[in-house]
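Here's the structure, in structure tokens; my notes come after.
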Amino acid sequence: MRALTSAGAVLAAVGLGLGPASAPASATPSASGAAQLSAPSAPAAKAPPKSGKDSIKCNESNGRVNFSWKTGWSSTTVYYNNHCLGGTRVTAAFKFYNDGSTPFYKCVTFQGDSQGKYKFAHINEIMDVNKDTKKCKNN
5 MRALTSAGAV LAAVGLGLGP ASAPASATPS ASGAAQLSAP SAPAAKAPPK SGKDSIKCNE
65 SNGRVNFSWK TGWSSTTVYY NNHCLGGTRV TAAFKFYNDG STPFYKCVTF QGDSQGKYKF
125 AHINEIMDVN KDTKKCKNN
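Each residue of the sequence shown is one higher than the one before, counting from 5 in the working numbering.
Shown next as structure tokens:
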């Protein structure tokens, strides 16, 4: 067995191999063991930012205000497209979660027939968008 292992090492050094069994048994665990030791020392990756889409109806017409957002590392940017006719302004209530269980609301008014972006200066995830602006007064 010793001669076969040495012969396998010589063949591997030359560029030839005997197949998967040609490498010494002790060489495989030490190589993967070194990789396993360095893996835990690397910092754990955080979850990627969240994104989403939602829409609300205009007050009198069948038009809608469409929203899409992406929660970044330091803020949340909301992109909007207001399809309400006649420049009708619409106020939307964005529902956020502080700690995963306590909701809070922020209200923003969007001009009709417009599009653009609005940036919230916090990184909490948006859970819902609706027209119930009474909840914004409590925050």
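Yeah, the Cβ is synthetic: ideal placement off N, Cα and C, and Gly gets one too.
Using three-state DSSP, classify residue i as helix, strand or coil.
i: Cys111; result: strand
i: Thr75; result: strand
i: Lys57; result: strand
i: Thr137; result: helix
i: Asn63; result: coil
i: Asn70; result: strand
i: Thr80; result: strand
i: Pro128; result: Checking the sequence, you will find Asn at residue 128 rather than Pro. Residue state, collapsed to three classes: coil.
Go to residue i, then tell me how far its beta strand (DSSP E) extends in each direction, as first and last residue.
i: Gly90; result: Counting along the chain, Gly90 falls outside any beta strand (DSSP E), and DSSP gives it neither H nor E.
i: Gly120; result: Ser118 to Phe124
i: Thr95; result: Val94 to Tyr101
Among the options, which has the Cα closest to the Cα of residue i?
i: His87; options: Phe98, Asn70 and Glu129; result: Asn70
i: Gln115; options: Thr106, Arg93, Tyr109 and Ser105; result: Arg93
i: Val82; options: Gly91, Lys135 and Asp58; result: Asp58
i: Thr75; options: His126, Lys135, Asn134 and Val133; result: His126
i: Glu129; options: Ser105, Thr113 and Gly91; result: Ser105
Which residues in the same chain as residue i place their Cβ atom closer than 6 Å to its Cβ, once the five residues preceding and following it in sequence are excluded?
i: Asn85; result: Asn70 and Gln119
i: Lys121; result: Thr81 and Tyr83
Given a cut-off of 8 Å on the beta-carbon distance, is the pair residue i and residue j in contact?
i: Thr80; j: Cys111; result: no
i: Trp77; j: Ser55; result: no
Leaving out five residues before and five after residue i in sequence, what residues of the same chain have Cβ atoms less than 8 Å from its Cβ?
i: Pro131; result: Note that residue 131 is Met in the sequence shown, not Pro. Once the five neighbours on either side are set aside, the close Cβ partners of Met131 are Lys99, Phe100, Tyr101 and Pro107.
i: Lys123; result: Ser79, Thr80, Thr81 and Val82
i: Tyr89; result: The amino acid at residue 89 is misidentified as Tyr; the sequence shows Leu. Correct list, in chain order: Cys62, Ser65, Gly67, Gly116 and Asp117.
With a threshold of 7 Å on Cβ separation, who are the neighbours of residue i within its own chain once the five nearest residues in sequence on each side are excluded?
i: Lys61; result: Arg68
i: Tyr109; result: Ala97, Phe98, Lys99, Lys139, Cys140 and Asn143
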